[in-house]
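Per this note's numbering, the very first residue in the sequence shown carries number 1414; after that it's consecutive.
Glycine residues also receive a C-beta, built at the ideal position from the N, C-alpha and C atoms.
Okay, so here's the structure we're looking at.
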Amino acid sequence: MSSREMKLDTGMVRIAFQPSGCRIATVSGTTVLACAQKAGLGLNADCGGMGSCGRCRIQVQPNAPVSPPSEPEFELMGAGELSAGLRLACQTRVFGSTSVYLPADSVSTTQRLQVEGQGTVIDPDPPTTLCELSVPGVTSELPRPDWERLAEEVKESGFAEPGPPRLPILQSLNDLLRIDDGRVTVGLRNDGISWVLARNRPVLGLAVDVGTTKIAGYLVELRSGKTLASAAKMNSQIALGEDVMTRIACTIEREDGLAILHECVLETINDLAVDLCKEASKAGDITGTPEPGCIVECVMVGNTVMHHFLLNLPVAQLGMAPFVPVVSRDLDFKADRIGLHLNENANVHLPPNVAGFVGSDHVSVLLASGVSTSSETVLVLDVGTNTEISLITRNGITTCSAASGPAFEGAHIQCGMRAAEGAIERIRIRGRSIECTTVGGCAPTGICGSGILDAVAQFRLHNVIDRHGGLNADSPFVTRGVYGPEILLVPAARTGHGRDIVVGRRDIGKVQLAKGAIRSGIHILLDAARVSPDEIEKILIGGAFGMYLDIDSAMSIGMLPRLPANRFRQIGNAAGAGAVRLLLSRSLRKDAASLAGRIRHLELAGTPGFRSTFINALRLET
């Protein structure tokens, strides 16, 4: 018997993924989704492998050694697609060696990720004092230890006391003092020497906005305060679930769930740090070679759940009322304590969370937008899978978190996708035709968040649907689909994958739920402050989706109050912009701690009248 046959006899099977040609050995009975994740293939799994999103379609060979179709597959796909060999990767288990085809629209593509925020000039006031020193070499007459020579130079330069030596610094000090003839840059904090770099290396900081869907990073030169590079990556936790509740459930259902989610977010941040250094190096606008080992300061912001995943803290208690975190205050620690691949002595700062799901990212938004001390009545929304909303009045700041869900990320929509090339992002009905605009201008392959919002607004405006989301059977745009009435956006002949792109009643319902959550949050905040919508002087909208949504569409379905256009401002990734400011300013870190303590948090589900408010907010206004 060959070694290969012996492996199969002991429960191992091999899967070949096409068209990539990637092959992997796995235990018999493993799902195709788990195999694809192990192989590093970005298969869509917005529902975390629960069989509810239908986005992990695969093609299996006739009579392939796989499990029979499951109930979710029959519900989502129907007998026709199943008989053609189409399956869901999360529901299909392999029991023998086989080949699996991954359609292009089932594989994650590069998403358009908003990283720019409201630009603000800030004079560097770093929490760490940078000290340029020339440490004398060793002489035969006075062979003093490296640490003593360094400490003496720190004292003589008039800076703070060097403090006791830290082992990680000692382990690299011998080489550092000999790379550039003793010329070094020393980082000093209240407790002494924090880190040491050779003078010929750049001194870098990293600001990170840890989002549920994407993670945005900003590489900053700490001496000048200049941002050298910015980029974003999809949060690799998405493979285990699109929203925070699915990921929390993963930690409860899987013994290793928390550890995997912790590793996923760290892996994404570490990869992002490498990418940012490469981008900065290409730009060439810096002395020395930027690399992660030069990153000596880091600030990370995120919602409370992402904060806990980052620190490997339990999250089960965040999935149920009263949503109590392990910690809310600001934290400082060294990068190597959690596995960040930066300079091992890098200082990491996490600003304070507020309460519930409202985390330091929203504190960062309020700081960056400059409205936290405003005398005007201002509404601030950071739109995402969890939408944080703040109302600022002369009486203070009140905040809530609206579970808007992943519909605006294109998830849980029948033909939904993220804002990648081919995603329909704008829709207009003109006469008897539906005109679609796609990201990248290429053939459509699905519809993203801004597109589905536009679609619902246009359908309501042209009486294709009623105020409750029901389809008007008399409309020429409504056709009979496999699963009931639907609206055909793009016929198969004009799409990039040869299948119709449609919107069904269930899709409209998902938008209603997202819209209802956001509008009910706004309503309850206004009601608590006894402020009418007309009294709102400014509405600031942040977040990646918030940057691209059509304000008129959002107002027309009642997601946002109907106000003059000049009261709205889309501020991009304000959370990331705020993180950069926190990276550079010790005084702003104090302001963030003070601000978080001043915010009044409202838990929507526990607010009297929330249920009726939410139900009323589901209606699609015109």
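- Query: How about the region 1768 to 1777 and the region 1812 to 1824: do they share at least three Cβ pairs that are nearer than 8 angstroms?
  - Reply: As far as the Cβ criterion goes, the region 1768 to 1777 touches the region 1812 to 1824, which means the pair count is three or higher.
- Message: Comparing C-alpha positions only, which one of A1492, V1714 and T1681 sits nearest to S1741?
- Response: Here residue 1741 corresponds to residue number 328 of the sequence shown, with the count starting at 1. When only C-alpha atoms are compared, the closest one is V1714.
- Message: Just list the residues that DSSP pairs L1610 with in beta bridges.
- Response: Start at 1 with the first residue of the sequence shown, and residue 1610 comes out as number 197. The partner list for L1610 (beta bridge, DSSP) reads T1598.
- Rounded straight-line distance, which links the Cα of L1724 to that of L1586: Along the sequence shown, one-based indexing puts residue 1586 at 173. Along the sequence shown, one-based indexing puts residue 1724 at 311. One C-alpha to the other measures close to 29 angstroms.
- Item | Sequence-distant residues of its chain with Cβ nearer than 6 angstroms to P1974 (five each side left out) | Reading the sequence shown from its first residue, position 561 is the one you call residue 1974. Cβ neighbours of P1974 beyond the five flanking positions: P1946.
- Query: Among all the DSSP beta bridges, which residues are the ones paired with Q1431?
  - Reply: In the sequence shown, counting from the first residue as 1, residue 1431 sits at position 18. Within the DSSP secondary-structure output, Q1431 pairs in a beta bridge with Y1514.
- Task: Starting from L1763, follow the beta strand (DSSP E) in both directions and report where the run begins and ends.
- Result: As a first step, residue 1763 must be located in the sequence shown, where it is residue number 350. Looking at the DSSP string, the run of the beta strand (DSSP E) that includes L1763 is N1760 to L1763.
- Is the number of C-beta pairs between the region 1793 to 1802 and the region 1744 to 1757 that are closer than 8 angstroms three or more? The answer is no - the region 1744 to 1757 does not touch the region 1793 to 1802, with fewer than three Cβ pairs under 8 angstroms.
- Message: Which of the three DSSP states is assigned to L1408 in this structure?
- Response: The structure shown does not extend to residue 1408, since the chain spans only 1414 to 2035, so no value can be given for it.
- Query: Between which two residues does the alpha helix (DSSP H) harbouring Q1472 extend?
  - Reply: As a first step, residue 1472 must be located in the sequence shown, where it is residue number 59. Unbroken run through Q1472 is the beta strand (DSSP E), R1470 to V1473; no alpha helix (DSSP H).
- Taking the continuous alpha helix (DSSP H) assigned at M1830, which residues delimit it? Locating residue 1830 in the sequence shown gives position 417, where the first residue counts as 1. Looking at the DSSP string, M1830 is not in any alpha helix (DSSP H), and its letter there is neither H nor E.
- Query: Opposite M1463 in the DSSP bridges: which residues?
  - Reply: Position 50 of the sequence shown, counted from the start, is the residue given in the question as residue 1463. For M1463, which the question treats as bridged, DSSP gives no partner whatsoever.
- Query: Which whole-angstrom value describes the C-beta separation of E1899 and T1908, a residue pair presumed to lie in contact below a C-beta threshold of 8 angstroms?
  - Reply: Taking the first residue of the sequence shown as 1, we reach residue 1899 at position 486. Taking the first residue of the sequence shown as 1, we reach residue 1908 at position 495. Not quite, the Cβ-Cβ distance comes to about 15 angstroms (not below 8 angstroms), so this is no contact.
- Task: Check P1738 in the structure and name its three-state DSSP category.
- Result: Against the sequence shown, residue 1738 aligns to sequence position 325. Under the three-state reduction of DSSP, P1738 is assigned to coil, being neither helix nor strand.
- Query: Thinking just about the alpha-carbon of each residue, which of I1847, A2005, A1941 and N1766 is nearest to the one in T2020?
  - Reply: Translated into the one-based positions of the sequence shown, residue 2020 becomes position 607. Measuring from the Cα of T2020, the nearest candidate turns out to be A1941.
- Would you say E1709 and V1616 are within 8 angstroms of each other, going by their C-beta atoms? What you label residue 1709 is simply residue 296 of the sequence shown in a count that begins at 1. What you label residue 1616 is simply residue 203 of the sequence shown in a count that begins at 1. Here the sequence assigns Val to residue 1709, which means Glu is not the residue at that position. A contact, by the Cβ cut-off of 8 angstroms.
- Determine the DSSP secondary structure at G1989, reduced to helix, strand or coil. Translated into the one-based positions of the sequence shown, residue 1989 becomes position 576. G1989 falls in the helix class under three-state DSSP.
- Query: In whole angstroms, what is the alpha-carbon distance linking G1462 and A1611?
  - Reply: Start at 1 with the first residue of the sequence shown, and residue 1462 comes out as number 49. Start at 1 with the first residue of the sequence shown, and residue 1611 comes out as number 198. Looking at the two C-alpha atoms, the distance is approximately 48 angstroms.
- Give the secondary structure of G1491 by DSSP, where H, G and I count as helix, E and B as strand, and everything else as coil. Indexing the sequence shown from 1 puts residue 1491 at position 78. Helix at G1491.
- Task: Reducing DSSP to helix, strand and coil, say where M1733 ends up.
- Result: For the purposes of this step, residue 1733 is taken as the residue at position 320 of the sequence shown. In the structure shown, M1733 falls within a coil segment according to DSSP collapsed to helix, strand and coil.
- Message: Going by beta-carbon coordinates alone, are T1542 and F1572 separated by less than 8 angstroms?
- Response: Taking the first residue of the sequence shown as 1, we reach residue 1542 at position 129. Taking the first residue of the sequence shown as 1, we reach residue 1572 at position 159. Annotated as proximal: T1542 and F1572, with beta-carbon spacing under 8 angstroms.
- Nearest to C1828 (by Cα), restricted to the options G1818, V1903 and L1874: Locating residue 1828 in the sequence shown gives position 415, where the first residue counts as 1. The shortest C-alpha separation from C1828 is found at V1903.
- By a C-beta neighbour count over all protein chains shown, 10 Å radius and 16 as the cutoff for buried, is L1526 buried or exposed? Start at 1 with the first residue of the sequence shown, and residue 1526 comes out as number 113. Summary for L1526: the model assigns pLDDT 48, below 50, so the residue's position carries little reliability; its value from the coordinates is reported in the next sentence. Result: buried.
- Measure the alpha-carbon distance for E1789 versus A1620 and round it to whole angstroms. Counting from 1 along the sequence shown, the entry for residue 1789 is found at position 376. Counting from 1 along the sequence shown, the entry for residue 1620 is found at position 207. For E1789 and A1620, the distance between alpha carbons rounds to 30 angstroms.
- Short Cβ contact (8 angstroms threshold) for L1583 with W1560: Walking along the sequence shown from the start, residue 1583 turns up at place 170. Walking along the sequence shown from the start, residue 1560 turns up at place 147. In contact: L1583 and W1560 (Cβ atoms closer than 8 angstroms).
- Item | Residue span of the alpha helix (DSSP H) that contains C2037, given as start and end | The shown model of the chain, from 1414 to 2035, leaves out residue 2037, and the question about it has no answer.
- Cα-Cα separation, N2029 to A1729: Counted from its first residue, the sequence shown places residue 2029 at position 616. Counted from its first residue, the sequence shown places residue 1729 at position 316. Their Cα atoms are separated by approximately 31 angstroms.
- Item | Straight-line gap, P1516 to Q1472 (C-alpha atoms, nearest Å) | Walking along the sequence shown from the start, residue 1516 turns up at place 103. Walking along the sequence shown from the start, residue 1472 turns up at place 59. When rounded, the separation of the alpha-carbon atoms in P1516 and Q1472 is 8 angstroms.
- Message: On the criterion of 16 or more Cβ atoms from any shown chain inside 10 Å, does H1881 qualify as buried, or is it exposed?
- Response: Along the sequence shown, one-based indexing puts residue 1881 at 468. Under this definition H1881 is an exposed residue.
- Task: Can you tell me the Cβ-Cβ gap for V1445 and M1425, rounded? I've got them flagged as a contact below 8 angstroms.
- Result: Residue numbering aside, residue 1445 sits at position 32 when the sequence shown is read from its first letter. Residue numbering aside, residue 1425 sits at position 12 when the sequence shown is read from its first letter. Actually they are not in contact, since the Cβ atoms of V1445 and M1425 sit about 16 angstroms apart, beyond 8 angstroms.
- Message: Give me, in chain order, the residues of the same chain whose beta-carbon lies closer than 6 angstroms to that of F1890; leave out the 5 immediate sequence neighbours on both sides.
- Response: In the sequence shown, counting from the first residue as 1, residue 1890 sits at position 477. Taken in chain order, the residues that qualify are V1877 and I1900.
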